[in-house]
Amino acid sequence: MMKDSGRRMVRLLTLLCGLLVSAASFAQTHYSANIAVGGHAGVDFSRVFFNPSVPQKFAVGGTAGAMFRYVEENHFGLIAELNWSQRGWKENFEDAPYQYSRTINYVEIPVMAHIYFGRRGRFFINAGPQVGVMVGETTNSNFDVSQIETLPDFPIKNRTNSQLDMKVSQKVDFGITAGIGGEFNLNRKNSISAEVRFYYGLGNIMPSARTDIFRASNSMTIAATLGYWFRIK
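Just so you know, we're using the working numbering here: the sequence shown kicks off at 196 and counts up by one.
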């Protein structure tokens with residue numbers, strides 16, 4: 196069921212991206228543009244869609260980056276970013292006294308179609324492809340993952356545990372991202388923004404050959420950020 200939901204989500208986001216890019220391309224031939232640069236920072240809530248499933252909670256991390264925007268006067272444009280992001284997952288052991296989380300650090304480059312409504316106060320939608328390059332990973336746990344067979348009350352039999360000491364094999368992660376938010380123009384040159392964005396990875400971060408344990412291991416992230424824009428043209 197989770198896998199089918201992911202496929203439907205990808206189809207919807209892909210359709211949205213196509214519509215926004217088509218609209219932006221049409222607008223560029225009819226209206227003059229303005230250019231802005233800026234930065235944003237916020238928090239990531241992430242997990243991994245494992246198959247077989249792994250009981251999880253959202254892992255909390257940070258995100259920050261630089262932004263470039265080319266916007267048409269008729270409400271359309273393009274946004275490109277260079278971001279640093281902490282993704283991963285956090286295991287859910289329910290009542291057992293164990294803790295485990297994996298943090299995977301990425302440098303990300305999303306390129307998105309941008310559509311907005313309003314003048315001084317704006318509502319906007321962003322959507323497009325994103326590529327991320329893993330630059331490191333860390334594990335935080337209160338037990339030795341190589342000795343789980345000796346731990347009292349550790350849930351070995353009724354859960355998948357292979358991911359605990361498995362390294363990420365796919366260093367480049369490609370997916371689809373989409374977000375909604377608002378922007379307030381302080382004056383002609385300066386504005387502030389807030390956005391909630393969703394990312395779904397189309398590839399598996401863990402080994403996924405027929406002989407491997409996981410058939411799927413897709414990244415999923417919800418990011419909430421605050422940003423600042425400076426118009427240079």
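Yeah, the Cβ is synthetic: ideal placement off N, Cα and C, and Gly gets one too.
Model, not experiment: these values are computed from the prediction.
Continuous beta strand (DSSP E) stretch holding residue i: start and end
i, result
"F263", "A254 to E267"
"A231", "A228 to N246"
"Q281", "F271 to E286"
"E332", "G316 to S336"
"V434", "Residue 434 falls outside the range modelled here, since the chain spans only 196 to 428, and no answer is possible."
Residue i versus residue j: straight-line alpha-carbon distance, rounded
i, j, result
"F319", "N353", "45 Å"
"G331", "G422", "26 Å"
"R297", "A411", "17 Å"
"V238", "V266", "26 Å"
"G398", "F369", "6 Å"
"N341", "L359", "What sits at residue 341 in the sequence shown is Ser, not Asn. When rounded, the distance between both Cα atoms is 9 Å."
"E504", "T406", "Because the chain is modelled from 196 through 428, residue 504 falls outside the range shown and cannot be assessed."
"P347", "D339", "12 Å"
"L381", "I400", "42 Å"
Member of the options whose CA lies at the smallest distance from the CA of residue i
i, options, result
"V232", "R264, I387 and D239", "R264"
"N300", "A308, E378 and G256", "G256"
"A418", "G260, V249 and P250", "G260"
"Q365", "S341, N335 and V328", "V328"
"H270", "Q325, R315 and Y293", "R315"
"P247", "S357, R426 and R383", "S357"
"A363", "G237, R383 and F245", "It is Val, not Ala, that sits at residue 363 in the sequence shown. Nearest C-alpha to V363: F245."
"R504", "F312, I371, T334 and K428", "For the chain, the structure presents residues 196 to 428; residue 504 sits outside this window and is missing."
"A291", "G272, N337 and Q281", "N337"
Entirely enclosed beta strand (DSSP E) segments - the stretch 338 to 422, minimum 3 residues:
367 to 380 and 385 to 396
Mind the definition here: the stretch 269 to 279 touches the stretch 300 to 311 only if three or more C-beta pairs lie below 8 Å; say whether that holds.
yes
For the stretch 345 to 360 against the stretch 380 to 393, are there 3 or more C-beta pairs whose distance is under 8 Å?
no
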